Amino acid sequence: EPEVTQTPSHQVTQMGQEVILRCVPISNHLYFYWYRQILGQKVEFLVSFYNNEISEKSEIFDDQFSVERPDGSNFTLKIRSTKLEDSAMYFCASRLQGGQPQHFGDGTRLSIL
Amino acid sequence: QQQVKQSPQSLIVQKGGISIINCAYENTAFDYFPWYQQFPGKGPALLIAIRPDVSEKKEGRFTISFNKSAKQFSLHIMDSQPGDSATYFCAAARSGAGSYQLTFGKGTKLSVIP
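Heads up: the sequence lines are chains A and B, in that order. Heads up, the first sequence is in our numbering, so the first residue is 56 and it goes up one at a time. Heads up, the second sequence is in our numbering, so the first residue is 5 and it goes up one at a time.
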């Protein structure tokens, strides 16, 4: 069964550094998402992406965050200047179309020191 | 108004018993209600989903009950097995919003003991 793959599985970064989290969505999917889960808390929506542009974003997704689909297969989340509170599990998800469900990757654990 | 409230936070059930997890929402614009199962070190995996035009949906041992007037929905796991031990998240989305962004509950850690 096709799946969403995320790399790396764990990223450790110094505060203030830039970090890029990478995702390969399911190949024929059209909608792409980033969510995050701070340890012990619920999964929170960050941003959705469709037709090469952001379709919705939450208040968490401020100017420090950006997303990109640099080619036909990758979908990236960049955090420009990381803060301690950015430490979380980041999940990528993709969806085919219409009422089809979102499929999640196994996440990248981001640890900011 | 965007919140989805989930209870209980944790649940211990004997093997063969019924596990029941409840969720409530406030935003009446929500019209898609999935349940996700998450094992440690893995991402959420879709278990079952319901839309408000039906009051119940069953897939194998998993059933969603939906009460539109009360704005509540619940997951029932019949004949619970140790392999069902995981964290379960309810979620809600607005299909009309286009992106179907999911609003999650806080999760329920289910432990099924032999």
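Glycine included, C-beta positions come from ideal geometry on N, C-alpha and C. These numbers were taken from a predicted model, which means no experiment stands behind them.
Since residue i and residue j should fall inside the 8 Å C-beta cutoff, what is the C-beta to C-beta distance between them, to a whole number of angstroms?
i: A53/B; j: W39/B; result: 7 Å
i: F87/A; j: F104/A; result: 4 Å
i: V79/A; j: T60/A; result: 5 Å
i: I109/A; j: V102/A; result: 6 Å
i: T91/B; j: T107/B; result: Going by Cβ atoms, the distance from T91/B to T107/B rounds to 17 Å, so no, they are not a contact pair.
i: S11/B; j: N26/B; result: 5 Å
i: S99/B; j: Y36/B; result: 5 Å
i: Q85/B; j: K9/B; result: About 27 Å separates the two Cβ atoms, so there is no contact after all.
What is the DSSP secondary structure of residue i, counted as helix, strand or coil?
i: E108/A; result: strand
i: P156/A; result: coil
i: T82/A; result: Per the sequence shown, the amino acid found at residue 82/A is Ser instead of Thr. Residue state, collapsed to three classes: coil.
i: S99/B; result: helix
i: L139/A; result: helix
i: P12/B; result: coil
According to the neighbour-count rule (16 or more other Cβ atoms, all chains shown, within 10 Å of its Cβ), is residue i buried or exposed?
i: P57/A; result: exposed
i: M82/B; result: exposed
i: I68/B; result: buried
i: Q96/A; result: exposed
i: G109/B; result: buried
i: S103/B; result: buried
i: A4/B; result: Not covered by the structure: residue 4/B. The range shown for chain B is 5 to 118.
i: Q92/A; result: buried
i: A74/B; result: exposed
i: H65/A; result: exposed
i: R135/A; result: exposed
i: S67/A; result: First, the amino acid is wrong: residue 67/A is Val here, not Ser. Answer is exposed; the Cβ neighbour count stays below 16.
i: L51/B; result: buried
Please confirm whether residue i has its beta-carbon closer than 8 Å to some beta-carbon of chain A.
i: A49/B; result: yes
i: Q85/B; result: no
i: P38/B; result: yes
i: K110/B; result: yes
i: S103/B; result: yes
i: S99/B; result: yes
i: K9/B; result: no
8 Å is my cut-off, CB to CB: does residue i come that close to chain B?
i: V98/A; result: yes
i: G71/A; result: no
i: Q66/A; result: no
i: E162/A; result: Position check: residue 162/A holds Gly in this sequence, whereas Glu was assumed. Yes - at least one Cβ of chain B is within 8 Å of the one on G162/A.
i: S121/A; result: no
i: Y105/A; result: yes
i: E111/A; result: yes
i: F159/A; result: yes
i: R150/A; result: yes
i: F130/A; result: no
i: F146/A; result: yes
The beta strand (DSSP E) that contains residue i, what's its start and end?
i: A49/B; result: 49-54
i: T62/A; result: 60-62
i: S73/B; result: Element bounds for S73/B: n/a, residue is neither H nor E.
i: V58/B; result: From DSSP, V58/B is part of no beta strand (DSSP E); its letter is neither H nor E.
i: Q72/A; result: Note, Q72/A: premise wrong, no beta strand (DSSP E); not H, not E.
i: S121/A; result: 120-123
i: A40/B; result: The sequence given here places Tyr at residue 40/B; Ala does not occur at that position. Its beta strand (DSSP E) spans residues 37-42.
i: A33/B; result: Looking at the DSSP string, A33/B is not in any beta strand (DSSP E), and its letter there is neither H nor E.
i: K46/B; result: Taken as a continuous stretch (DSSP letters only), K46/B belongs to no beta strand (DSSP E), as it is neither H nor E.
i: R164/A; result: 163-167
i: L114/B; result: 112-117
i: F130/A; result: 130-134
Any C-beta of chain C sitting closer than 8 Å to the C-beta of residue i?
i: Y86/A; result: Reference to chain C is not applicable here, since the protein chains of this structure are A and B.
What I want to know is whether the C-beta of residue i ends up closer than 7 Å to one or more non-hydrogen atoms of the ligand HEM.
i: P12/B; result: Annotation note on the ligand HEM: not contained in the displayed structure, which lists no ligands.
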